[in-house]
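Numbering (the numbering used here), first residue to last: 40 to 434. All C-beta atoms in this analysis are idealised placements derived from N, C-alpha and C, irrespective of residue type, glycine included.
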Ligand code: MG
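Put into structure tokens, the structure is as follows:
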């Protein structure tokens, strides 16, 4: 088997996460703006050898699941069982029903609460299947191991020599794992699939994980995971510039920065002509390398006629979030003789803070004239520049 051999993934997300202590299962909790499960899903979905991926969920979590993956092109979820072993088995039976997995195809089983998977770890597991029928990621135990009684008083000493903490993914050949589960269908003692395979007579190779592969079990794990992700963020910037002309049509207000600003002449525009939001949208799209506002919202498309430009900004924020990114701050410069910014600065800053979901201290608004020079000096139109700073996780 070569590293590029297509593999299937059964993604176990049916747990209720009782130890986490939250009303919402931990796999759906937010981790740096994305549901916990999305982090590992994104890693699998960008692996070049992925053949199919199936998420196993608790049907009671269907609405949470749909909200978490609504923009991903993945098959409908599989219903989980009453424990982890039954959920794995349900996933295997589903693969069998679909008829898309050959007996020798690798199947990786992963826990949705482990967000820090890497392509390198996936490749190492697939490589281990060259010589073994069962493989798991693991971490050698470095800490002193002791048992404790119910009063938390230490009792037995445990020799940590050659001890490993087993993780996921775990890798198998489809036919072997299905046969092992079928043979041990009514045996409930197993907490992972390697255990099922070993009981069916297979040896498991443990592969040392290459990077942090922590499992979100307790609330403090989520804090640790946030720190890990933030330490890997890459800072990026984007800039946007927009101009709209004033028409001769009289009006009482024009739209700027998401609010109505008193002015006597309408703006010429296909949408509401909000140069501040247009410049901000372009700056965000620039920061994430995703074209410009005209690409996403062509002025030739009638659906954007007279549209509230907050829609464009929201779309750019959604694209940023889909990339696991976060917005740090924005700096905006309006360039015009009129209207004046000072009377509306506070209201506009407040509105932008709401639209951008940023504290007002991270939203700066400036204005300048061009000393009566050029089209802004002749009051023929208004221009705006925006610069944004974002942080993205490495691809
Ligand atoms: Mg514009």
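- Note on geometry: alpha-carbon atoms of residue 240 and residue 219 lie some 9 Å from one another.
- Nearest to residue 324 by alpha-carbon distance, out of 72, 195, 429, 74, is 429.
- Residue 332 is classed as buried because its beta carbon has at least 16 other beta carbons within 10 Å across all chains shown.
- Distances from the CA of residue 188 to each of 182, 152, 196 were compared; the closest alpha carbon is that of 196.
- Around the beta carbon of residue 206, 16 or more other beta carbons sit within 10 angstroms, so the residue counts as buried.
- No residue range can be given for residue 228, since it is assigned to no alpha helix (DSSP H) and is classified by DSSP as neither H nor E.
- Distance from the Cα of residue 251 is smallest, within the candidate group 155, 190, 168, for 155.
- Residue 262 is classed as exposed because its beta carbon has fewer than 16 other beta carbons within 10 Å across all chains shown.
- Rounded to whole angstroms, the gap between the alpha carbons of residue 293 and residue 313 is 8 Å.
- Here residue 269 is not near residue 135, since their CB atoms are 8 Å or more apart.
- Annotation: residue 396 to residue 320 spans about 14 Å, alpha carbon to alpha carbon.
- Residue nearest to residue 415 within the set 226, 224, 281, 221 is 281 (criterion: CA-CA distance).
- In its own chain, leaving out the 5 sequence neighbours on each side, no residue places its CB closer than 7 Å to the CB of residue 412.
- Looking at the DSSP output, residue 203 bridges to 179.
- The beta carbon of residue 317 sits closer than 7 Å to at least one heavy atom of the ligand MG.
- Taking C-alpha positions only, residue 98 is separated from residue 115 by approximately 11 Å.
- According to DSSP, residue pairing for residue 299 in a beta bridge involves 294.
- Here residue 175 is buried. Its C-beta has 16 or more other C-beta atoms within 10 Å.
- Sequence-distant Cβ neighbours of residue 398 in its own chain, meaning closer than 8 Å and more than five residues away, are 392.
- Taking C-beta atoms as the reference points, residue 276 and residue 427 count as a pair closer than 8 Å.
- Between the alpha carbons of residue 158 and residue 316 lies a distance of about 38 Å.
- For residue 258, the enclosing alpha helix (DSSP H) has its first and last residue at 258-270.
- Residue environment for residue 149: buried (at least 16 other C-beta atoms within 10 angstroms of its C-beta).
- Between residue 302 and residue 338 a beta carbon distance of about 22 Å is seen, past the 8 Å cut, so the two are scored as non-contacting.
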